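According to my numbering, the sequence shown is numbered sequentially starting from 1.
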Amino acid sequence: MLLLLNRRKYVCFMQAIALWFTLSGYGIAQDSTTEENHAGYIPAITGGAGYVHNVDGGITSLEPQINPGVLIPFGSRVLLESRGTFFGFYERENQTSGPFKGQVFKSLDYAQINWLANTHVIGSVGRYLLPFGLYSERLGPIWIKNLQDAPITAAIGTRTSGSGNGFMLRGVAIQKSTYSIQYTAYFSALSNIDHLVSGRAAGGDASVYLPHVRLEIGTSYQRFLQDRHINSATMYVSWQPPSIPLDVKAEADFSYNGRGYWIESAYLFQQLPIPSFFRRTQAVVRMQQFFPANGGGNSLPSVNTQRFDAGLNYYVRDDLRFISSYGRSFSSQGNANIWNVGFTYRFLFPLWPGRSK
């Protein structure tokens, strides 16, 4: 059921919906007969919400969050999309005792205008998620990721806030029945404005997708252009076999501050000969390692670190699930157990009804 959430289509939920609006609109604009039969260009509210109860090395934190977004189409070629995050973080006053205290952190993840120039180019201006590797742009939302803790190397290629301010071009360069090639290129300007923080950087991403085997192989590159100029690069693989509800992802990241990799596999029980109630369960495992260079830093560990995570998620519906996971990290600074339990919810609804057909 869940991996009916075709990971190829849904991994970056805002952009998947954006492409749906713009590309479907583009096709409609070419045919006046079809124009009469579609529901119009309807603004929508979308996003996710959830709660995670985290215990890391014996220290408990309570982490509610909501990520509301808006999609506003202007005809068939222009789309305004935006998403913010409200993230609460509460710990006991003395870490292991006392009342819980904390605060809510607010951020603007992106606010961009997309223009469908043609079937191969979409231009974007404004604030956008940095397209580096699999995680930041595709797997970050709480309702998508299989494990709530980000990989250690998620900080590579996403300085300083995970978002950029500037312009971006992306699209499908070549599309055949047996393969397609997608590309992204961007430039981000330096900003120290509260809630609009970004680094000066340029980079891009490219991948090849094989639809018959549902395999994607890609790479990303970034040049950080302020303070110490550094290069970051990644190679990644995403695979969802057509015949089984398996989702496999792997990524290797390299930067001035270190290198590392992670491998994650998620399996939905829907094909197992078990009662239907349990077929909504998903098992997840992730292995990862990080090797610092030049002292690490920039949100990366300063010592060799390994971590293993295993989780069980239960989908009440496609938009509502209960989550749980256990992790164990290993480093010379000490080993620790990490527990997560909670729930996630994904929402999407139009701001007003579409016109009658």
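Glycine residues also receive a C-beta, built at the ideal position from the N, C-alpha and C atoms.
All values derive from a computational prediction rather than experimental measurement.
For residue i: DSSP bridge partner residues
| i | result |
| --- | --- |
| N231 | R223 |
| V78 | F74, W115 |
| S61 | N54, E91 |
| P68 | G47 |
| D145 | Correcting the residue type first, residue 145 is Lys in the shown sequence and not Asp. BP columns for K145 are empty, so no partner. |
| N197 | Looking at the sequence itself, residue 197 is Val, so the reference to Asn does not match. Answer is none; V197 lacks a bridge partner. |
| G102 | Y90 |
| E137 | In DSSP, E137 forms no bridge with anything. |
| A336 | S329 |
| A150 | Answer is none; A150 lacks a bridge partner. |
| T344 | G50, R321 |
| A155 | Per DSSP, none; premise fails for A155. |
| I217 | V208, V237 |
| T160 | Its beta-bridge partners do not exist; DSSP assigns none. |
| T85 | S107 |
| S361 | An answer regarding residue 361 cannot be provided, because it is not within the stretch 1 to 357 covered by the chain. |
For residue i, the nearest candidate out of the options (CA to CA)
| i | options | result |
| --- | --- | --- |
| A266 | I230, N313, L130, T160 | N313 |
| D247 | N257, S232, I263 | I263 |
| N67 | L351, F330, F105 | F105 |
| S332 | R307, E81, S136, G164 | R307 |
| K101 | H120, V70, R77, L62 | L62 |
| A252 | G171, V285, S276, G218 | G218 |
| R228 | N294, L134, K145 | N294 |
| Y41 | P73, V52, G48, G50 | P73 |
| V303 | N335, M287, L80, L320 | N335 |
| V208 | G47, W239, E137 | W239 |
| I338 | T46, H53, I45, L139 | H53 |
| Q289 | F322, F86, A154 | A154 |
| F349 | L71, R223, G296 | L71 |
| L320 | P301, R346, A117 | R346 |
| I193 | S161, I144, L169, S180 | S161 |
| F167 | S177, T178, L129 | L129 |
| V59 | T96, L139, S76, T46 | Just to set this straight, residue 59 is Ile in the shown sequence, not Val. It is T96 whose Cα lies nearest to the Cα of I59. |
| A250 | T46, S243, V237, P301 | V237 |
| Q175 | P211, M287, N298 | P211 |
Beta carbon of residue i nearer than 8 Å to that of residue j
| i | j | result |
| --- | --- | --- |
| S188 | G204 | no |
| A310 | S329 | no |
| L190 | Q148 | no |
| H120 | A185 | no |
| S220 | G171 | no |
| L80 | L196 | no |
| T234 | G133 | yes |
| S255 | I274 | no |
| L215 | P245 | no |
| G327 | P292 | no |
| G48 | I152 | no |
| Y90 | F343 | no |
| G126 | W115 | no |
| R83 | G98 | no |
| T85 | Q65 | yes |
| A44 | L351 | yes |
| V284 | N146 | yes |
| R381 | F224 | Since the first residue shown for the chain is 1 and the last is 357, residue 381 is missing from the structure and cannot be characterised. |
| A206 | Q182 | yes |
| Y135 | A117 | no |
First through last residue of the beta strand (DSSP E) which encompasses residue i
| i | result |
| --- | --- |
| F269 | Looking at the DSSP string, F269 is not in any beta strand (DSSP E), and its letter there is neither H nor E. |
| P353 | Per DSSP, P353 belongs to no beta strand (DSSP E) and is neither H nor E. |
| T184 | 180-188 |
| G164 | 163-175 |
| Y128 | 121-129 |
Unbroken stretches of the alpha helix (DSSP H), 4 residues or longer, contained in the region 245-324: none
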